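Asker: If you use my numbering, the sequence shown corresponds to residues -4 to 239, in order.
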Amino acid sequence: MNTDKKTFYCLRFLLPLRCVIFFLIFAAGAALTKQKTEDISNWWSIAASAVNIAVILLLYFIAKKNKSSYAKLINYEKGKTKAGQIIGISALTAGVGMAGMYAAGYFCYGIIPYAAPMMIAPIPVWLAAVNVAVLPVTTALAEEGLYLGCGVNQIQNNILAIIVPAFFFALQHCFIPMLFDLRYIVYRFISFLPLTLILCWYYRKKRNPLPVMTGHAIIDLATALQILATSAVPGLYETMCRNG
């Protein structure tokens, strides 16, 4: 994507955007409902889908203003991807993602396996069902569009092009959902940093977003299905938390 200087800086400085938005959403939500942020944390997946859609639209309009397209922003080329690439990166994403979460859980909480229980907390069933389709697709389009398209693609230095987007890619998870708990924030950050570094490195090397997006979508699909299960089956959430 050929960008003028003004658009380049606009794209690069979008990287912290999701961190700020999620912080404001949960801080405002807690203030409006007169609850703590942890009391509304089960709504994180709905907030994420809404923010994803807003980010996708923003990236679309920025690309259009620059007489380009979202596909060019992320360097997507039809027919470039082979099935083996998708399978390999999807497996790597799942493996590194789980390993990062378990290692972070042990480091921060002394428990293996550890997973933040609010991530699969129940919400209204119909919303959970809709979000099974919405969350994985919009997350892949929004996050890869932002951190790969606006980050990796727009920073010329090979090292900074990996480290800077990967940092914000991981950091945003500290605010999804937002809890005013330092140990939780550290846990979320180090859970994702190894994976985001690998994904940004892979994309920088291959310039092919589809395997990364597919692997990412599969992880979010699994999470959305767990939320649907806890929402649809009374008592399942408490059982899963006890067993976990």
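Just so you know, even glycine gets a beta-carbon here, dropped at the ideal spot from N, CA and C.
A quick note: this is a predicted structure, and the numbers were derived from the prediction, not measured.
#1: Flag this pair as yes or no: are the beta carbons of Ser40 and Leu141 separated by less than 7 Å?
#2: Measure from the alpha carbon of Val181 to the alpha carbon of each residue in Val132, Tyr101, Tyr55, Ile69, then state which is nearest.
#3: Kindly indicate if chain D contains any beta-carbon less than 7 Å away from that of Leu188.
#4: Given a threshold of 16 other Cβ atoms within 10 Å of its Cβ, counted over all protein chains shown, does Pro108 qualify as buried or as exposed?
#5: Quick one: give me the first and last residue of the alpha helix (DSSP H) that Asn126 is part of.
#6: With DSSP run on the structure shown, which of helix, strand or coil describes Phe170?
#7: Of the residues Tyr97, Gln167, Arg178, which one's Cα is nearest the Cα of Thr134?
#8: Does DSSP put Gly95 in a helix, a strand or coil?
#9: Is it true that the CB of Gln80 sits closer than 7 Å to the CB of Pro204?
#10: Run through DSSP, which three-state label would Gln30 get?
#11: Pop quiz: Leu136 and Ile20 are said to be a contact at Cβ under 8 Å. What is the actual Cβ separation, rounded to whole angstroms?
#12: Considering just the uninterrupted stretch of the alpha helix (DSSP H) at His210, what are its terminal residues?
#13: Residues in the same chain with beta-carbon distance under 7 Å from Glu25, minus the five sequence neighbours each way, listed in chain order, please.
#14: What are the start and end residues of the alpha helix (DSSP H) that includes Ser44?
#15: Do you know how far the Cα of Ser44 is from the Cα of Thr218?
#16: Answer yes if the stretch 182 to 198 comes into contact with the stretch 150 to 166, meaning at least three C-beta pairs across the two stretches below 8 Å, and no otherwise.
#17: Alpha carbons only, please: which of Ala98, Ala111, Met93 is nearest the one belonging to Gly210?
#18: Run through DSSP, which three-state label would Pro112 get?
#19: By alpha-carbon positions, which one of Leu174, Tyr198, Gly74, Gly146 ends up nearest to Ala23?
#20: Please determine, among Ala66, Leu220, Ile171, the residue with the shortest C-alpha to C-alpha distance to Ala123.
#21: Excluding the 5 residues preceding and the 5 following Trp121 in the sequence, name in chain order all residues of the same chain whose CB lies nearer than 8 Å to its CB.
#22: Round the Cβ separation of Asn153 and Arg199 to the nearest angstrom and send it over; I've been treating them as touching at under 8 Å.
#23: Of the choices Cys145, Lys59, Ser226, whose alpha-carbon is the least far from that of Leu9?
#24: Might you give, ordered along the chain, the residues of its own chain that have their beta carbon closer than 6 Å to the beta carbon of Phe187, omitting 5 neighbours on each side?
#25: How far does the alpha helix (DSSP H) with Pro189 in it extend, from its first residue to its last?
Answerer: According to the structure data:
#1: no
#2: Relative to the Cα of Val181, the nearest Cα in the group Val132, Tyr101, Tyr55, Ile69 belongs to Tyr101.
#3: Of the chains in the structure shown, none is chain D; there is only one protein chain.
#4: exposed
#5: 120 to 138
#6: DSSP, reduced to helix, strand and coil, places Phe170 within a strand of the structure shown.
#7: Considering only alpha carbons, the answer is Gln167.
#8: Gly95: helix per DSSP, three-state reduction.
#9: No, Cβ-Cβ distance for Pro204 and Gln80 is not below 7 Å.
#10: coil
#11: Contact doesn't hold; Cβ gap of about 19 Å is too wide.
#12: Strictly speaking, residue 210 in this sequence is Gly, with His absent from that position. Gly210 -> alpha helix (DSSP H) spans 204 to 227.
#13: The sequence shown places Ala at residue 25, not Glu. For Ala25, where only same-chain residues beyond five positions count, the Cβ hits under 7 Å are Lys31, Thr32, Ile35.
#14: 39 to 60
#15: 13 Å
#16: yes
#17: Met93
#18: helix
#19: Leu174
#20: Leu220
#21: none
#22: 7 Å
#23: Cys145
#24: When the five nearest sequence neighbours on each side are left out, the beta carbons in the same chain lying within less than 6 Å of the beta carbon of Phe187 are those of Ala165, His168, in order along the chain.
#25: 177 to 201 is the extent of the alpha helix (DSSP H) around Pro189.
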